[in-house]
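Peer 1: Numbering (numbering that gives the first Met the number 0), first residue to last: 0 to 95.
Just dropping this structure here.
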Amino acid sequence: MKVMYFEYEEGCLEGRNVHSAYLNDTINKNFIDYLAKLGKLVYITEMNKPAFRVIVRGKYTMKGNESDDHFMVILPEGDDISPLAELKEFISHYVG
């Protein structure tokens, strides 16, 4: 799996420093479990498309839906986007 690019989400209700991570493949449960290695996973299956949230304490929160090709990364307020590079590197090591 690979992050193709990040896109800043202007006017997002989740916060001011929110970026969408666009992937080269769709999200599946195995990939969600891989992301969960970074923090606490909340996985909701009672929807048409299961939703997930991974909370990486003190760094960021990821949230998205299974079968999509992107997910949101909610960073703390401010201009620091360095965690995105770390996340991109982590995702590049996923073998699904």
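Just so it is clear, CB atoms sit at the ideal spot from N, CA and C, and this is done for glycine as well.
For Val-94, which residues does DSSP report across the bridge?
Peer 2: Reading the sequence shown from its first residue, position 95 is the one you call residue 94. DSSP, once it has assigned bridges, lists no residue as partnering Val-94.
Peer 1: Looking only at C-alpha atoms, which of Pro-49, Ile-90, Glu-6 and Glu-45 sits nearest to Ile-73?
Peer 2: If you number the sequence shown from 1, residue 73 lands on position 74. With distances taken between Cα atoms, Ile-73 lies closest to Glu-6.
Peer 1: Any idea what DSSP makes of Asn-16, helix, strand or coil?
Peer 2: Translated into the one-based positions of the sequence shown, residue 16 becomes position 17. Coil, per DSSP.
Peer 1: On the three-state DSSP scale, how would you describe Leu-74?
Peer 2: Indexing the sequence shown from 1 puts residue 74 at position 75. Coil.
Peer 1: Along the chain, where does the beta strand (DSSP E) containing Leu-40 start, and where does it finish?
Peer 2: By one-based count along the sequence shown, residue 40 stands at place 41. Counting along the chain, the beta strand (DSSP E) containing Leu-40 begins and ends at 39-43.
Peer 1: Along the chain, where does the beta strand (DSSP E) that runs through Ile-31 open and close?
Peer 2: For this step, residue 31 is matched to residue 32 along the sequence shown. Not the beta strand (DSSP E): Ile-31 falls in the alpha helix (DSSP H), residues 28-34.
Peer 1: Output the boundary residues of the beta strand (DSSP E) element that contains Gly-63.
Peer 2: By one-based count along the sequence shown, residue 63 stands at place 64. Its beta strand (DSSP E) spans residues 59-64.
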